[in-house]
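Enquirer: Count along the sequence shown from 1, add 237, and you get the number used in the numbering used here. We treat Cβ as the ideally placed atom computed from N, Cα and C, and that holds for glycine. These figures come from a predicted structure and were not determined experimentally.
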Amino acid sequence: MNKNNILLLLFLFVISSNAQQISIIPQPVKLELTQGKFSFDDKIQILIEPGDEMKSLSDLLVATIKNLTGLTIPVITKISSKDLNNKIQFEINKELENPEGYTLSIKPGLIKISAKNCAGIFYGLQSLFQMIDQNTSDRKISLPCVNIQDYPRFKWRGVHLDVCRHFFPVEFVKKYIDMLSMYKINTFHWHLTDDQGWRIEIKKHPKLTEISAWRTEEDGKVYGGFYTQDQIRDVVQYAKKHYITIVPEIEMPGHAVAVLSAYPELSCTGGPFKVETHWGVFEDVFCAGNEKTFDFLQDVLSEVIDLFPSELIHIGGDEVPKIKWKACEKCQARIKSENLKNENELQSYFIQRIEKFLNAKGKKIIGWDEILEGGLAPNASVMSWRGIDGGIAAAKQKHFVVMTPGTHCYFDHYQALNNEPKAIGGYTSLEKVYSYEPVPETLNPEEANYILGAQANMWTEYILTTDHVEYMLMPRMIALSEVVWSPKEIRNLDNFLKRLNVHYNFLASKNINFRIPSPLPDDSELLLTANKELNLNNPVPNSKIIYTLDGSEPTISSKDYSSPVNLTGSGFIKAKTILSNGKMSSTSSLAVSIIDTTKNGLNFKFYEGVWNRLPNFDSLSVKRSGKIFRLKLAEIKPNVESFAVAIDGYINIVNDGNYTFYISSDDGSKMMIGDNIIDNDGAHGIKEINGQFNLKAGMYPIKILYFNKWGSSSLRLEYEGPAVSRRIIPASLLFNSK
Ligand code: ACM
Ligand code: ZN
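Structure below.
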């Protein structure tokens, strides 16, 4: 074979492997690629079993195919002969075990989705839709043949939405349900009441929607809204068609300021109150000593359970300050008459009373993990949000648990370290979400059975628009979907990220906003050695990267990245990803330092111990030592909670002039440049101080001392000076010898 033929073959291989995309998320339990293809043409028919539910499932497929190819595929319920050629068959197979499982078999001439229930057919269809998206070109669909057997790992695959801090219209709630169901999420936790707004019409208490649903912002503008009962019924029906259960949340006894604004008699003090315009936790809560509180909540819950078929009703229970109860005669009288020990037990009394009411109506309660305090209500399930300890405690007490720890499941946190829209705090990257394991190691197998699954929470204090909700949801929810669906053994981050890349176009085709991955690593500084080029990562197919090296913001007229960038010196790179539809990511910027690994770098020594101030380093024994190029604790890899480090070397001051050095640390630190000292010692949280020095150009000894006493650790050093705006000290200026 000559070289051209080999190239041609390679080319065809690439083309054909591109045309054989199977990037299903969540990853199916078993997926086997077989021989051949199934091509959609005008001979295809959809064969279903009789019934409305089957019909509406087949309508979803008909619409998708029509939209992509223009073909209108007929739906039939009977075939005259046994000829199953050119069919897409939906079949109920009661032999299958899992109520949500399915099998999807694609052979030349026949696609068959089998499931125990229609829910499984729906999930089989979601897998099929993803394959169709990945295998359509020029309005033609040609699918690779496969055998898939699939079922979920967890029963509760949840995503939450706070519509109180910011309100989102019914159309968006439906789109949210669409997005959830595309990735086989089956539970939508609808957070309907909070201090800043009440969002559900309650016929018996109209002031909830006349007053509690609206807040007057500081600028005088009125903000708010609510869903009518008709709208809620409509959304519940819509969710049902997407095999999603809506779990409504009615917050009690805290997060109730909006209610109290309309009904101040339900508080301990009598008010008056205004619907809150600030975020946080507020001291005014429902009075637990007042019978009217329970009458009111029972009225509300009676209407709620008429609207929502869910067996579980979320009653909140989180963040309840006890200060007003302590000072309230009625609450104190209740503590006495019920023989309660304290206000924690009063909270438990409150929740148990509500539980009894709901249990009598055939419903069960779920609440945030604070409902463990003062004693768990007998049949309650627990949502573990303040870490996983609440979940562990509840499972050990044989109560069902949904895991939603802030560390991995709070989608109001930042997705990256740089250039993200303002968020509430935290840092929950896509990779971190993907790494989540819902079953804590400390549970034995029997206790582990109480873990129903996991859920992502979307609190909206800093999320004002539907576009922004989508941005915070995607692609992190896609990572979560695999955590809650796929077997633990087959989860693999690299493989997931490869499959995810194929999904960005799928999201764009559905007009879903998402965080476009940055072409730069999520880091503080990138190190390159001389002659090494800078490679950027372009994860999204058919997208391009634009970049600048002069510190300016990349625009359409900036350079396109097509091959590795040759840097002539240390500096900054700023870059954006642009999708084929023109949509741009936010700008990522990164300091790039060109270093000589034989000369650059600082020496460090690592010590273990617990101190309240910087120790006397000379008297300590060194646990480890080595060299770091970047002034980052992560480079030193601390492997114990309480430790100290001493870092030394030389810094090259390039120009004469006044310099300011900033050292920020948790706990204490100290830095020395030549004879100049900045002292940030002591056991403290993140604290920054600075020092200003006049320095002549030249090499100066530099020393940084640091210790951490328990808990979180951090150390950051920045400087500014002549012709240098404030930044971390570049690795190219740090040396381990003169
Ligand atoms: C919560 O995040 N307050 C449950
Ligand atoms: Zn009270």
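1) Mapping DSSP to helix, strand and coil, what is Tyr500?
2) Do you know offhand how far Ile448's Cα is from Met489's?
3) So Val847 and Lys924 are supposed to be a Cβ contact under 8 Å. How far apart are they, rounded?
4) I'd like the span of the beta strand (DSSP E) that includes Asn377, first residue to last.
5) With a floor of 3 residues, list each beta strand (DSSP E) that falls wholly inside the segment 748-834, ordered by position along the chain.
6) Just the C-alpha distance for Leu577 and Leu583, rounded to the nearest angstrom, thanks.
7) Considering only their Cβ atoms, is the gap separating Phe841 from Ser862 smaller than 8 Å?
8) Taking 8 Å as the cut-off, does the segment 267-274 touch the segment 733-749 (at least 3 CB pairs, one atom from each stretch)?
9) Can you tell me the Cα-Cα spacing of Glu957 and Gln929, whole angstroms?
10) Could you give the distance in angstroms between the alpha-carbon of Arg713 and the alpha-carbon of Asn732?
11) Using a Cβ-Cβ cutoff of less than 8 Å, which residues in the same chain neighbour Pro967 once the five nearest sequence positions on both sides are dropped?
12) Identify which residue in Lys860, Asn931, Lys874 has its Cα closest to the Cα of Phe898.
13) Between Asn330 and the ligand ZN, is there a pair consisting of the residue's CB and a ligand heavy atom that are separated by less than 7 Å?
14) Measuring CB atoms only, is the segment 308-328 touching the segment 273-287, in the sense that at least three cross pairs come out at less than 8 Å?
15) Going along the chain, which residues of its own chain have a beta-carbon closer than 8 Å to the beta-carbon of Gly624, five neighbours each way excluded?
16) Between which residues of its own chain and Met419 is the CB-CB distance below 7 Å, once the five residues before and five after are set aside?
17) Is the segment 297-312 touching the segment 360-379 in the sense that three or more CB pairs, one from each, lie closer than 8 Å?
18) Classify Glu668: buried if its beta carbon has 16 or more other beta carbons within 10 angstroms, exposed otherwise.
19) Residues in its own chain within less than 6 Å of Lys813 by CB, not counting five upstream and five downstream?
20) DSSP three-state label for Asn931, please.
21) Identify, in the order they occur along the chain, each residue of the same chain with its Cβ nearer than 6 Å to the Cβ of Trp451, setting aside the five sequence neighbours on each side.
22) At 4 residues or longer, what runs of the alpha helix (DSSP H) sit wholly inside the segment 565-606?
23) Less than 8 Å between the CB atoms is what I'm expecting for Tyr586 and Phe533, so what's the real figure, rounded?
24) Mind checking Pro801: buried by the 16 CB within 10 Å criterion, or exposed?
25) Using the beta-carbon count (16 or more within 10 Å), is Arg964 buried or exposed?
26) Report the partner residues of Phe843 according to the DSSP bridge assignment.
27) Note down the Cα distance separating Lys869 from Val619, rounded to an integer number of angstroms.
28) How about the segment 556-570 and the segment 503-510: do they share at least three Cβ pairs that are nearer than 8 Å?
29) What are the boundary residues of the alpha helix (DSSP H) that includes Val877?
30) Exposed or buried, Asp649, counting other C-beta atoms within 10 Å across all chains shown (16 or more means buried)?
31) Could you check whether the Cβ of Trp848 sits closer than 7 Å to any heavy atom belonging to the ligand ACM?
32) State yes or no: is the C-beta of Trp605 nearer than 7 Å to some heavy atom of the ligand ACM?
33) Closer than 7 Å: is that where the CB of Lys567 sits relative to any heavy atom of the ligand ZN?
34) Below 6 Å CB to CB, which residues in the same chain sit around Glu513 once its five sequence neighbours on both sides are set aside?
35) In terms of residue numbering, what span does the beta strand (DSSP E) encompassing Trp947 cover?
36) How about Asp797: is its Cβ closer than 7 Å to a heavy atom in the ligand ACM?
Expert: Quick answer:
1) It is coil, neither helix nor strand.
2) Taking the straight line from one Cα to the other gives about 18 Å.
3) Lys924 and Val847 do not touch by the CB rule: their CB atoms are close to 19 Å apart, not below 8 Å.
4) Sequence check: residue 377 is Lys here, not Asn. Counting along the chain, the unbroken beta strand (DSSP E) around Lys377 starts and ends at 377-387.
5) Those beta strand (DSSP E) runs which fall completely within the segment 748-834 and span 3+ residues are 762-766, 781-785, 808-815, 825-832.
6) Distance between the alpha carbons of Leu577 and Leu583: 7 Å.
7) Cβ distance < 8 Å, so Ser862 and Phe841 count as in contact.
8) Contact between the segment 733-749 and the segment 267-274 is not established, with fewer than three Cβ pairs separated by less than 8 Å.
9) Glu957 and Gln929 have their C-alpha atoms roughly 10 Å apart.
10) Each residue's alpha carbon lies about 16 Å from the other.
11) In chain order, Glu762, Ser807, Ala828, Ser830 place their CB closer than 8 Å to the CB of Pro967, counting only its own chain and leaving out the 5 sequence neighbours on each side.
12) Comparing Cα-Cα distances from Phe898 to each of Lys860, Asn931, Lys874, the minimum goes to Asn931.
13) Answer for Asn330: no, Cβ out of range of the ligand ZN.
14) Note that the segment 308-328 touches the segment 273-287; at least 3 beta-carbon pairs, one per stretch, sit closer than 8 Å.
15) Correct list, in chain order: Pro642, Gly643, Thr644.
16) The beta carbon of Met419 lies closer than 7 Å to those of Gln363 in the same chain, with the five residues before and after it left out.
17) At 8 Å Cβ cutoff, the stretches touch.
18) With fewer than 16 Cβ atoms within 10 Å of its Cβ, Glu668 is classed as exposed.
19) Counting only Cβ-Cβ distances below 6 Å, and skipping sequence neighbours, we find Ile783, Pro791, Met821, Ser822, Thr824.
20) In the three-state reduction of the DSSP assignment, Asn931 falls in the strand class, which pools E and B.
21) These residues qualify, in order along the chain: Val459, Gly461.
22) If only complete runs of 4 or more residues are kept, the segment 565-606 shows the alpha helix (DSSP H) at 566-574, 580-597, in order along the chain.
23) Between Phe533 and Tyr586 the Cβ distance is about 17 Å, and since that is not below 8 Å, they are no contact.
24) By the neighbour-count rule (16 or more Cβ atoms within 10 Å), Pro801 is not buried but exposed.
25) Sixteen is the threshold: since fewer than 16 other Cβ atoms of the shown chains lie within 10 Å of the Cβ of Arg964, the residue is exposed.
26) Beta-bridge analysis with DSSP links Phe843 to Arg861, Val882.
27) About 39 Å.
28) Flag = yes, the segment 556-570 and the segment 503-510 touch.
29) Element bounds for Val877: n/a, residue is neither H nor E.
30) Classification for Asp649: buried.
31) Incorrect: Trp848 has no Cβ contact closer than 7 Å to the ligand ACM.
32) Indeed, a heavy atom of the ligand ACM lies less than 7 Å from the Cβ.
33) Under cutoff, so the answer is yes.
34) Result list for Glu513: Asp432, Gln433, Val494, in chain order.
35) In this chain, Trp947 is not harboured by any beta strand (DSSP E), its DSSP state being neither H nor E.
36) The answer is no for Asp797.
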